[in-house]
Every structure is written in structure tokens, then in C-alpha cells.
């Protein structure tokens, strides 16, 4: 195997350890510790393999911050300038976690996909980066809001999956949005906002409601069943 060109070895590694898809239970379904263990085993095969693994940035571009894993600095260093796939699940922000989040947020322009889950405290959207995500394509967000909805600045997003009581995206819609999973609006103002967003998202082709709870009267008054009937 050492006779194979490094480029071929890199393709083999990426086939063996592809970037896990987005999932809300990522820390259980795709634990980073298992991925790191597999990478370390590959490094032990030979000096050439060790060098090839360490110099394949995409292998290290899966970044997790959770109760199960938070050692992000070596991964970010080895990922170099590769697009990042960020997974964050925190229920409480202490000084250590805040510092880790700020480190990950500083790479926001490189995010390609992200999953962010936690409970908002006092209305502060601590799980969403306070800066733009200019290149992210797919975002999954989940949490419990106690005040107004957080907003997402991601002009190139194509897929958005959210488990909130309110929408994450702005009223203006998103010009690149193709797939949207969200909660069913519960009030008429939420229905009006939902309508504005869908009408101003010209590429939207897939819409799913992740919640089956609704008020029949509000749903009827929204005229959604009339406006969106096939």
C-alpha cells in the first residue's frame, strides 16, 4: 500500500471516513471520538500513511463541540483552509465553552454545513454565531427559545432544518433556499411572516412542517390550505 501515490491514499481515506451527514443527534450517531480513533489507526500503518492522513485537511474538517467532545484546536489546525462541517450541542455556556465557541465562530466564513442545538437562556441565541455565515449550504438548528427568534445571516444557504417555535430566517427570505423544514406557525402574525418568507424565496422547492400541533381556527384563517393546495 505504501507504493500507492499519496493522492490515491487520500481518496481511499475520504471514502472510508466521509463527512457525516447533518443530524440532530450527531454526538450519538456520529461521535467524533470514533472518527478520531479511526484516523489514529490509519496513521499507525506506516510513516507514509501517517504523513498522508495528517496532510489530508478534509479528514479533519468535522468539528464537534459537545459534552462528548470539545478538543477543536488540533482539528482546526489540521483542517487548514478546508470547508468545515460544524456540530455544536451545548446546554450551558461557561467560560471554557464560550472560549471554544469563539474559536469555532472565528472560522464562520469556512462553514459548509452546521448543526447547532441547545436551549436558549434569557432569549440569548448563544448557539448561533454572532457573525455572518457567507458560504454555508446546509443548517440544522434546534433549541428552546424564551424570547424573540434568533436570526440567521446565511445568504447562500440551500437547506434549512429548524426545530423552534419561530423562524430563524429573516422576513426577506433567502434567494438560494431550496429546502426548508420548520414548525407549523401557531399565530396569525407567524403565518403572515411565513407567507412573506416563502413568497420571497424563489428557489424553494421542498417545504415540510416538523410539528403536527396547530390551532384549527388559526390554520383555517391563514388560508394556507387554499393557497398551497396542489
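Numbering (the numbering used here), first residue to last: -9 to 220.
Ideal Cβ placement from N, Cα and C applies to all residues, glycine included.
Just so you know, these numbers come straight off a predicted model, no measurement behind them.
- Residue 69 is classed as buried because its beta carbon has at least 16 other beta carbons within 10 Å across all chains shown.
- Following the DSSP letters along the chain, one finds residue 43 inside the alpha helix (DSSP H) bounded by residues 37 to 44.
- In this structure, the beta-carbon distance from residue 54 to residue 77 falls below 9 Å.
- In this structure, residue 23 keeps its C-beta atom at 9 Å or more from the C-beta atom of residue 50.
- In this model, residue 8 and residue 170 are separated by some 24 Å (Cα to Cα).
- Look at residue 19 here: in three-state DSSP terms it is helix.
- Fewer than three pairs of CB atoms, one per stretch, sit closer than 8 Å, so the region -8 to 5 makes no contact with the region 14 to 22.
- As DSSP reads the structure, residue 152 sits in a beta bridge with 131.
- In the DSSP annotation of this structure, residue 121 is not part of any alpha helix (DSSP H), being labelled neither H nor E.
- Contact annotation, residue 0 with residue 46: C-beta distance approximately 5 Å; criterion of less than 8 Å satisfied.
- Where residue -1 is concerned, the enclosing alpha helix (DSSP H) starts and stops at -4 to 6.
- Assigned with DSSP and collapsed to three states, residue 82 falls in coil, not helix or strand.
- Burial is judged here by how many other beta carbons sit within 10 angstroms of a residue's own beta carbon; residue 191 has at least 16 and is buried.
- Within the same chain, 93 come within 8 Å of residue 63 by CB-CB distance, once the 5 residues on both sides are set aside.
- Per DSSP, reduced to three states, the secondary structure at residue 77 is strand.
- Secondary structure at residue 14: coil, using DSSP grouped into helix, strand and coil.
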